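Note that my numbering has the sequence shown beginning at 955, numbered continuously upward.
Ideal Cβ placement from N, Cα and C applies to all residues, glycine included.
Quick caveat: nothing in here was measured; it's all calculated off a predicted structure.
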Amino acid sequence: MIKLLKTIFFLFLLNNSLLAQDPVLVTDFYEGLEDAFQSDEYSYSSVQVGNKIFLPVTTEETGEEIGIIENNEIKVVKDILEGSESSDIKELTVYNDKVYFAAKDGSGGSGLWETDGTEEGTEMIFKIDGNSNSPIGLIVSKSNVLYYTYAGNLYSYDGTENKKLRNGVNFVSDFATASNLYCLYGDDIAFLEESGPFGDNIQLVILKDGQFKEVGEIVDPAFFSKPFGLNPVSNGLVFVISGDSEESATYKYLDGNFSFSKLKTDGSTAPFDRLENVSDKVSVGLIREKGYYAINGVAGEEYLIRETTEVSTTQGFGFEKANYGDKFIIQLPEGGFFNGSNNIIYSDGTAEGSKVLIEMGEYNSNIVTNNQFAYVAKDISNGFEPVLYEINMDDGSYKLLKEFEERSLNLNSIYILGVVDNNLYYISNLDPQLGRELYYLPLGPPSSISSMKSNQLDVRFEGNGITINSSSAVSASVNIFNLDGKLIQSMDLTTNLRHDISQLKGAFVFQVILDGRIGSYKHIIH
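Below, the structure written as structure tokens:
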């Protein structure tokens, strides 16, 4: 009985210790009340390459420049626009384990740059002299080519050579939705462009094996009609022509065809108000007075993921989303201008499996993923106390990571960057004695491991040994966490063999990953 009570008490302490993590300030990088991260408060840009996070950072000496978080330290990689002026870092994109971005060097406009995280490995790849434009829409194809548009033209970069491919192409629309006019398709890309003698027609163009294929054309749509929302679906592409003309509709292109046609959703060809992809097979769109639908391009197979009759969307901003296979989460607004709110919707790919997961309130959060886990923050603006959550996209469960007691009157009091060494890095301005600085929150074993079906795995502890049983001898990944949630050790173990773990002393949580299945096990080693 005493042994049972001790075990229950231990598990109670374990669960509480994993939740009771406190944020850690990495450093007051821009000392005092100044912000080390001064990008537009409505948005920010960062990317992760392995255990490195790249992002714009600011110091008094350099202004805003390309920076890196590595080994729990942050630094400016290179002062591109020398001195205190900012180089206006944008469009961060990972390609061949390097980061590509747009930056100004003081000679007018922005050029395309690359960095490997070192000053000597940071250099400009291409720039149009005397041009005030900037490379936009950087995207990496399955054929491993970097595409982008620059000053109204389409370019490619294969790691060695930069090429101009086509005139008159702009990847990003200036229409109010600011939705993309391009997407990955097949091994390369597809895009919408203006056509006709006066540029008043709209056509779909597919790039394949270095050749452009013009597919269909909408002739002389109404003046206020605009294309947007080009996305891949299960057997082709979808996009929208807005407005009130006869051409206004949602369109579908089927693989291999030479034209496109109007797509019905819930019996109507009415155009979506917004349309964004959540995977390479499914897109989510808004139909006013009805709600949000998930579509795969096949009429009759769409499903309603959230019914709502009133929606006020912010012009120029898309929906934050993430997917794990066919399952996804997406942050969707609803309600009017003065009573609007946002919800995190989870879907397993069916109408029945779609639900409101977290009521986010009025303010959007960015979403960062780490394997099947996603991280979001609630109440991040205008004096609210923010809350951090971890979502398991595999089963739709989630847990609260941190309720902050501090608050900020500014926007984006929490901006999430990524997970490195089991620490969740984020930017925050909650400390009134500091500006916007870098923090991390130690994570315990991923939240929903405890809710996963551990009995799918046959894991046995015998004294100071562990055995992972399977039908044949294969390799299993094992992560070992202490009770503070810190990752102590990671190793690969062969199944059906007993492995000695006597070098560890104390209570630990073992995360075992085998054939895509995950189980967590609490064990005390004497």
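Cβ neighbours of residue i in the same chain (closer than 6 Å, five flanking residues each side left out)
| i | result |
| --- | --- |
| residue 1096 | 1141 |
| residue 1461 | 1437, 1478 |
| residue 1421 | 1414, 1452 |
| residue 1313 | 1297 |
| residue 1041 | 1019, 1034, 1035, 1057, 1058 |
| residue 1276 | 1283, 1321, 1323, 1328 |
| residue 1288 | 1262, 1265 |
| residue 1093 | 1101 |
| residue 1236 | 1248, 1250 |
| residue 1357 | 1341 |
| residue 1475 | 1413, 1464 |
| residue 1377 | 1394, 1396 |
| residue 977 | 1393, 1395 |
Among the options, the one whose alpha carbon lies nearest that of residue i
| i | options | result |
| --- | --- | --- |
| residue 1201 | 1226, 1183, 1190, 1173 | 1173 |
| residue 1076 | 1333, 1394, 1052 | 1052 |
| residue 1242 | 1227, 1284, 1199, 1056 | 1227 |
| residue 1010 | 1375, 1046, 1003 | 1046 |
| residue 1454 | 1121, 1434, 1419 | 1419 |
| residue 1156 | 1116, 1113, 1239, 1213 | 1213 |
| residue 1310 | 1301, 1317, 1318 | 1301 |
| residue 1016 | 1078, 992, 1024 | 992 |
| residue 1481 | 1072, 1464, 1145 | The displayed coordinates of the chain run from 955 to 1480. Any statement about residue 1481 would go beyond what the structure contains. |
| residue 1330 | 1304, 1360, 1349, 1299 | 1299 |
| residue 1126 | 1397, 1088, 1072 | 1088 |
| residue 1064 | 1163, 1080, 1070, 1074 | 1080 |
| residue 1234 | 1198, 1222, 1184, 1221 | 1184 |
| residue 1337 | 1209, 1356, 1374, 1386 | 1386 |
| residue 1139 | 1084, 1182, 1186 | 1186 |
| residue 1068 | 1424, 1207, 1085, 1114 | 1114 |
| residue 1351 | 1252, 1307, 1151 | 1307 |
| residue 913 | 989, 1236, 1024, 990 | The shown model of the chain, from 955 to 1480, leaves out residue 913, and the question about it has no answer. |
| residue 1217 | 1252, 1164, 1027 | 1252 |
| residue 1239 | 1254, 1273, 987, 1207 | 1273 |
| residue 1347 | 1366, 1334, 1013, 1326 | 1326 |
| residue 987 | 1471, 1480, 1390 | 1390 |
| residue 1136 | 1154, 1149, 1160, 1119 | 1160 |
| residue 1194 | 1225, 1170, 1007 | 1225 |
| residue 1038 | 1363, 1060, 1099, 1333 | 1060 |
| residue 1245 | 1215, 1305, 1211, 1207 | 1305 |
| residue 1362 | 1345, 1375, 1384 | 1384 |
Residues bridged to residue i [DSSP beta-bridge criterion]
| i | result |
| --- | --- |
| residue 1477 | 1462 |
| residue 992 | DSSP lists no partner for residue 992. |
| residue 1116 | 1111 |
| residue 1134 | 1126 |
| residue 1181 | 1195 |
| residue 1171 | 1157 |
| residue 977 | Bridge partners of residue 977: none, in fact. |
| residue 1234 | In DSSP, residue 1234 forms no bridge with anything. |
| residue 1354 | 1343 |
Segment limits, beta strand (DSSP E) that includes residue i
| i | result |
| --- | --- |
| residue 1058 | 1052-1058 |
| residue 1338 | It is not in any beta strand (DSSP E) - residue 1338 carries neither H nor E in the DSSP assignment. |
| residue 1080 | 1077-1080 |
| residue 1308 | 1308-1315 |
| residue 1282 | 1281-1288 |
| residue 1064 | 1064-1069 |
| residue 1331 | 1327-1332 |
| residue 1242 | First-last for residue 1242: undefined, no H or E at that position. |
| residue 1157 | 1155-1162 |
| residue 1322 | 1322-1324 |
| residue 998 | Counting along the chain, residue 998 falls outside any beta strand (DSSP E), and DSSP gives it neither H nor E. |
| residue 1214 | 1214-1216 |
| residue 1029 | 1027-1032 |
| residue 1151 | Element bounds for residue 1151: n/a, residue is neither H nor E. |
| residue 986 | Here residue 986 belongs to no beta strand (DSSP E), and DSSP marks it neither H nor E. |
| residue 1262 | No beta strand (DSSP E) holds residue 1262; DSSP gives it neither H nor E. |
Own chain, CB closer than 8 Å to residue i, minus 5 neighbours either side, in chain order
| i | result |
| --- | --- |
| residue 1117 | 1109, 1110, 1111 |
| residue 1073 | 1031, 1032 |
| residue 1086 | 1062, 1063 |
Own chain residues within Cβ distance below 7 Å of residue i, not counting five before or after
| i | result |
| --- | --- |
| residue 1354 | 1341, 1343 |
| residue 1481 | Residue 1481 is absent from the model: the chain starts at 955 and stops at 1480. |
| residue 1219 | 1204, 1241, 1247, 1249, 1256 |
| residue 1369 | 998, 1320, 1380, 1381 |
| residue 1448 | 1427, 1429 |
| residue 1433 | 1441, 1444, 1465 |
| residue 1467 | 1430, 1431 |
| residue 963 | In this prediction, residue 963 has a pLDDT of 43, which is less than 50 and means its spatial position is unreliable; nothing more can be read from the coordinates. |
| residue 1168 | 1157, 1159 |
| residue 1147 | 1122, 1123, 1157, 1159 |
*Segments of 4+ residues assigned as alpha helix (DSSP H) that fall wholly inside the stretch 1362-1449*: none
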